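Below is one structure; the comments refer to it alone.
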Amino acid sequence: FNENGDAMVLEMPGYPMEDKQSRLLVLKDKNNDGVYDSTIVFAKNLGLADSFMPYKKGVLVAAPPYLLQLHDENGDYKVEKIDTLMGGFAKENLQHNYNGLTYGIDNWIYAANGGNSGKPFWWGDTTTALDLHGQDLRFNLETRQMERLGESSGGFGLGMDEYGRIFETHNLTHISHSVFPDRYLKGKPILPENTLQNISDHDENGLARIFPIGEQEDRVNHPEQSGYFSGSCGVTYYGGGAFGEKYENTVWVADVVLNLIHVDKIKPNGASFTASRIFENKDFLASSDRAFRPVNMSVGPDGSLYVIDIHRKVIEHPEWIPDEIEKTLDLNAGKNQGRLYKISLAAGHEKFDFQQFKNTEGLLKSLESPNQWIRNTAHRLLMENSISNDVFVGLKKLLNSENQLSRLHALWILSHSGKLTANEVVEALQNSMGSLRESILKIAENYITENESILIKIVELLQDSDARVRMQAALSLSTLPETHPTYQKNQEKLFNALAQSTQLSTDAWNVAAVTLAAQSKTAQLFSQ
């Protein structure tokens, strides 16, 4: 959905082959009955594009091996210009190309790598190529920066919660948490092999049981996976704020093989999380139609969950179907019957007024919405324009808001606009709930070399009651160079605090963070 209220859908008509190019559609509901009844072809000939997001009066499109920017400056649904922003992404099996473009609260754009490697570079300068080594990535189009995020699950989609935490999926492992990003490691070894952790509490011998309905088919190449997750994809964090408390802090995952959608409740577990099924012995949605193939989901401006059903009789990629069996199958059956479903409360709720995005007052009000899509869209629109004095004053007011999430958005926007003071960062670290403190610590890293009071506050948070805040405090401290005068002056205090933090409840992630915070003096800390 874009800021004008248009629903947009990316089609891959050639999948699983590469004989037809992707195209981007705009869907319209002309009679306002809640069902889309007309289609506009916004862009075609997009290669093997598999993901997109609204951006600057247009759209960003992941079209391996490229990242494209489609411009529609006058809003007439006709693309005036296409810019190639990046190249070098892997172009291999379509299931594993990079995907999941997501705008983060930190103003970076995130993408799942899909299990391929690739060496993306800024278009026109191959010297900027970054070897992904099978990791996910984030990039900043304004500053032309890109970074590896950490081990990729290898699946389709990224789920991101209100605070920027990332959840992933892939086939058998339906839900993983990317505990912290690769930028803190700087090539140093830690005890866990990587920072991607399977957080499901309902696995049996490495597989999570799910509950399809109707007569079942086995996977042609993996019959032993019958009744368990084997084709998980479309991981989506529900931040719509419209489904009630039961569905707050939930992650939704489709299984395209067994024709269903599964929901997990996310709860803190040390410095990471645990994912627990909401329903016992059944799943949220299941179909007896074997051609029902849910592949992706999106939370809309109305808080509803929209489901994409690619609808294919055969979903297994031909690369993994034995040749003698493939000859007996119609890989194209159902190709012309793809469809969308909308999941919402029967009672319904107020529609969002998209005019709210057209002025400063409306954008600031939108930052207080319970709907994550509305907040993130307002955040993006504010960042895409120069911050006026009215916006500046409004954001400053939000720093004292009782709405924790609007305060967090204001902090990130002001920080990236150079309008946030060190004192405001210290104040925010003192007066926010745990999840906010964790996110604000990442903002504080930008001030750590210039303000000793921020360093002292971060050191204090090594004793925080929240294990994830303690982990982030140590990670943030690891960004202060050992040669910096502020580090030298406070080294003893820092080391004492690191040692004391290890006496609190800890896990492998806390240990890793403290190790990284000790930098070159790990032996000294171990001795202490």
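Using this note's numbering, the letters of the sequence shown correspond one by one to residues 1 to 528.
The beta-carbon is built from N, C-alpha and C at its ideal position, and this holds for glycine as well.
No experiment lies behind these values; they were computed from the predicted model shown.
With the rule of 3 Cβ pairs closer than 8 Å, the segment 508–520 counts as touching the segment 470–487.
Sequence-distant partners of Lys-493 (beyond 5 residues in either direction) whose C-beta falls short of 7 Å from its own C-beta, in its chain, are Val-459. In this structure, the CA atom of Arg-312 is about 21 Å from the CA atom of Leu-305. At least 8 Å separates the beta-carbon of Asn-336 from that of Gly-234. Counting along the chain, the unbroken beta strand (DSSP E) around Ile-261 starts and ends at 260–269.
Comparing alpha-carbon positions, the option among Asp-6, Glu-18, Val-35, Asn-2 lying closest to Lys-342 turns out to be Val-35. The three-state secondary structure of Ser-152, taken from DSSP, is coil. In the displayed model, Arg-470 falls within a helix according to three-state DSSP. Proximity of the segment 179–194 to the segment 239–250 falls short of the contact definition, fewer than three beta-carbon pairs being nearer than 8 Å. By the Cβ rule, the segment 347–366 does not count as touching the segment 324–336, because fewer than three pairs are nearer than 8 Å.
Restricting attention to Leu-461, Pro-485, Leu-70, the CA atom closest to the CA of Ala-474 is found in Leu-461. Taking C-beta atoms as the reference points, Pro-120 and Gly-100 fail to come closer than 8 Å.
Nearest neighbour of Ala-333 by Cα position, chosen from Asp-302, Arg-23, Ile-308, Arg-290, turns out to be Arg-290. With fewer than 16 neighbouring CB atoms inside 10 Å of its own CB, Lys-78 falls in the exposed class.
Leu-398 and Ser-417 have their C-alpha atoms spaced approximately 15 Å apart. According to the DSSP assignment, Asn-496 belongs to the alpha helix (DSSP H) that extends over 485–501.
Around the beta-carbon of Gly-58, 16 or more other beta-carbon atoms lie within 10 Å, marking it buried. Annotation for Glu-168: the continuous beta strand (DSSP E) segment containing it runs 166–170. Residue pairing for Asp-136: DSSP places it in a beta bridge opposite Gly-150. Of the candidates Leu-27, Gly-104, Asp-76, Gly-104 places its Cα closest to the Cα of Ile-413.
Fewer than three beta-carbon pairs drawn from the segment 438–445 and the segment 128–138 are found closer than 8 Å, and the two stretches are therefore not classed as touching. Short of 7 Å from the beta carbon of Thr-449, and not among the five residues preceding or following it, lie these beta carbons of its own chain, in chain order: Leu-480, His-484, Thr-486. Shown here for Val-391: same chain residues with a beta carbon closer than 8 Å to its own, the five before and five after excluded, namely Thr-360, Leu-363, Leu-364, Leu-382 in chain order.
For Gly-100, the uninterrupted beta strand (DSSP E) segment begins and ends at 99–103.
For Val-426, no beta strand (DSSP E) run applies; the uninterrupted alpha helix (DSSP H) run containing it begins and ends at 422–430, by DSSP. Spatial neighbours of Ala-254 in its own chain (CB-CB distance under 6 Å, excluding positions within 5 residues in sequence) are listed in chain order as Cys-233, Gly-234, Ile-261, Pro-294. Residues of the same chain with a CB within less than 8 Å of the CB of Tyr-15, apart from the 5 flanking positions on each side, are Leu-94, Ile-310 in chain order.
Residues of the same chain with a CB within less than 7 Å of the CB of Gln-404, apart from the 5 flanking positions on each side, are Ser-432, Met-433, Leu-436 in chain order. Around the CB of Asp-302, 16 or more other CB atoms lie within 10 Å, so the residue is classed as buried.
Where Asp-309 is concerned, the enclosing beta strand (DSSP E) starts and stops at 305–309. Residue Gly-231 holds the alpha-carbon nearest to the alpha-carbon of Val-314 among Tyr-238, Gly-231, Gly-244. Residue environment for Arg-209: exposed (fewer than 16 other C-beta atoms within 10 angstroms of its C-beta). The C-beta separation of Ser-117 from Ala-90 comes to about 6 Å, placing the pair in contact by the 8 Å criterion. Per DSSP, reduced to three states, the secondary structure at Ile-387 is coil, with no helix or strand assignment. In this structure, DSSP gives Leu-191 a state outside helix and strand, which the three-state scheme calls coil.
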